[in-house]
Amino acid sequence: MTRRTSLLRNISAALLAAALALSCASNPATGGRNVVFTSMEGEIEQSRRWYDEIIRFYGIYEDQAIQDYVNAVGQRIARNSDLPDLNWTFTVIDEGSVNAFTTGGGYVYVHRGLLAYLNSEAELAAVLGHEIAHVTARHPARGQSKSVGANLGVLAAIILTGNAAMADLASIGAAAWVQGYGREAESEADAIGMKYMVRAGYDPRAMRSVFETFKAQEAFEIATARAEGRQPRIYHGIFSSHPAPDDRAIAAARAASTAAVPEGGFVINRNLYMQAIDGLAFGSSRAQGVVRDNRFYHADMGLTLAFPKGWIIENHRDRLLAYTRNQDSLMQITVEPRPPNKSPREFLIDQLKGAQLVGGEPVTINGMDGYSVLTRDGSPLDRGAGPVRFIALYRGNSAFLFAGASRSSRNGRPEADGLFRSVAETTRPLRPAEYALAEPYRLKIIRATDKTRLSEYAEQIPAHKYQKEELELINAVYPNKPLPVGEYIKIVE
């Protein structure tokens, strides 16, 4: 959980500017001509502006060695692309999900979480080659020509209404560079990207391995979500614009079989890659805070809080979300800059403008001043009809906003109102001994022997419910495949 920033307002302005520059441009990668909204120069300028907003929104992963390594691999492939003289920028963002994307203009972003699931430099090259191909094929500009009108309508409505929750959903739907550019474009990027990685000397079979990893992760996530009664969170399979991982793996294998092997063989660099990601944060990073069992720790904010036993806790980049297994009660916690010269009551009333407020009262929790109030309606679990508990707490320069809702209510209060208040009351400063608990889990690279059992290492990450399965996934041996004896593998500490 980090402080919220506004990414969409700047993107919408850039899209409006792009709409004024419709043109038909030659495509260096495909050899054809495509209708695009802007010249390459305009696309570069757009992407440069978006870079600042994306970094503010996600944050850079603060590990210069990782940044340098990913950049070196990216530059090697870019030099062998159809736009070798473009000023390419490769950035690892501090996001634990499995994804990579480009906004065009030479700007490529890799989620930190993706690196944990790759197992060689060649696999990283396959991902980067795919994103580079999106740029050279002008897919970002071509995607705008198809969807900019609809996107602008969604974005304008969000900005006018100020609905931040809707903005989070629409930021995925409106940004083609996160979800993909359509099945045809994704398949085209696979083919062009493979051509680039082969030119750069990388083993093209790695692209098939990447798609098999996506397939395994997708299968695991779907099964887990079904068991937990929630929607699956799939980053390369949920969007209809992406071809199925099976189809992509088959196509990649077919293309790889025809690639000419260079003298000296293709580059894989499994060991070098494993050494590069040794110590990589796994799951949430220090900047986002860490969940252990039912408690959240944040070292930089210097605080901790706890949720009831058995609740499911999701630590998103801009919020904490916790809910009961049957999803009849939920809580959301966000952090805003503390407004100058405003009391917690004034801050909360500003946040809830237009809502019908009931029973407001000042609160003090572990030395932190705050204010608590109910709204008569607004519950997302009761079609907007049920009451919601809001609590604001001040700590330092931050304002913490708690919101709790239930599927049913009693005497004008959410059914779990007492629980919501008790969660807020667990908020307190970290004790000196607890700062170690606020450090993230990290990958550790070891060499597998015939006696290595992932189930034994799984016991070291008790905060993860599916420890063994997670270790199998990141080592590409899910489900229950044998470990590569004598090779480096990943464990989590």
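Numbering (my numbering), first residue to last: 3 to 495. From the three backbone atoms N, C-alpha and C, an ideal C-beta is built for every residue, glycine too.
- Contact annotation, Pro442 with Phe284: C-beta distance approximately 7 Å; criterion of less than 8 Å satisfied.
- Take the alpha-carbon of Leu307 and the one of Arg430: they are about 7 Å apart.
- DSSP lists Phe392 as the bridge partner or partners of Val375.
- Annotation note: the region 40-115 contains the following uninterrupted alpha helix (DSSP H) runs of length 4 or greater, listed N- to C-terminal: 42-60 and 66-80.
- For Leu354, there is no enclosing alpha helix (DSSP H), as DSSP gives it neither H nor E.
- The region 340-347 makes no contact with the region 322-332; the number of CB pairs closer than 8 Å stays below 3.
- Taken through DSSP and simplified to helix, strand or coil, Gln334 comes out as strand.
- Approximately 12 Å separates the beta-carbon atoms of Gln69 and Val110; this is outside 8 Å, ruling out the contact.
- Within 10 angstroms of the beta-carbon of Asp452 lie fewer than 16 other beta-carbons, which makes it exposed.
- No residue range can be given for Ser287, since it is assigned to no beta strand (DSSP E) and is classified by DSSP as neither H nor E.
- The DSSP-derived three-state label of Phe298 is strand.
- For Pro486 and Ala218, the gap between their C-alpha atoms comes out near 18 Å.
- Going by DSSP, Glu316 is part of no alpha helix (DSSP H) but of the beta strand (DSSP E) stretching over Ile314 to His318.
- Look at Lys492 here: in three-state DSSP terms it is strand.
- Counting along the chain, the unbroken alpha helix (DSSP H) around Phe216 starts and ends at Arg207 to Glu230.
- Relative to Ser41, the option among Met370, Val100, Ala229 and Arg140 whose CA is nearest is Arg140.
- Taking 8 Å as the cut-off, the Cβ atoms of Asp371 and Arg391 do not count as close.
- Gly380 is bridged by DSSP to nothing; it lacks a bridge partner.
- Looking from the CA of Ala128, the closest CA among Ala191, Thr105, Asp84 and Asp96 belongs to Ala191.
- DSSP, reduced to helix, strand and coil, places Ser457 within a helical segment of the structure shown.
- In the three-state reduction of the DSSP assignment, Thr366 falls in the strand class, which pools E and B.
- Look at the beta carbons and you see the region 275-294 touching the region 117-125: at least three pairs across the two are nearer than 8 Å.
- By the criterion of a C-beta distance shorter than 7 Å, Ala227 is surrounded in its chain by Gln233 and Pro234, once the five residues flanking it on both sides are discounted.
- When the Cα atoms are used, Asp54 and Ser410 turn out to be separated by approximately 43 Å.
- Each residue's CA atom was taken as its position, placing Gly386 and Asp379 some 6 Å apart.
- Within a 10 Å sphere around the beta-carbon of Val75 sit 16 or more other beta-carbons, which makes this residue buried.
- Looking at the DSSP output, Thr429 sits in no beta bridge, so it has no partner there.
- Lys446 is bridged by DSSP to Ile493.
- Nearest C-alpha to Thr428 among Thr366, Gly108 and Ala450: Thr366.
- Taking a 10 Å sphere around the C-beta of Gln48, we find 16 or more other C-beta atoms and assign the residue as buried.
- Each residue's CA atom was taken as its position, placing Ala124 and Ile279 some 14 Å apart.
- Going by DSSP, Thr306 is part of the beta strand (DSSP E) stretching over Leu305 to Ala308.
- Membership of Arg185 in the alpha helix (DSSP H) is indicated by the continuous run Arg185 to Arg201.
- For the options Ser287, Gly203, Gly131 and His300, the alpha carbon positioned closest to that of Gly266 is the one of Gly203.
- Checking the DSSP bridge columns, you'll see Arg412 partnered with Arg415.
- Beyond the five residues adjoining it in sequence on each side, Ala357 comes within less than 7 Å, by CB distance, of Thr377 and Gly380 in the same chain, given in chain order.
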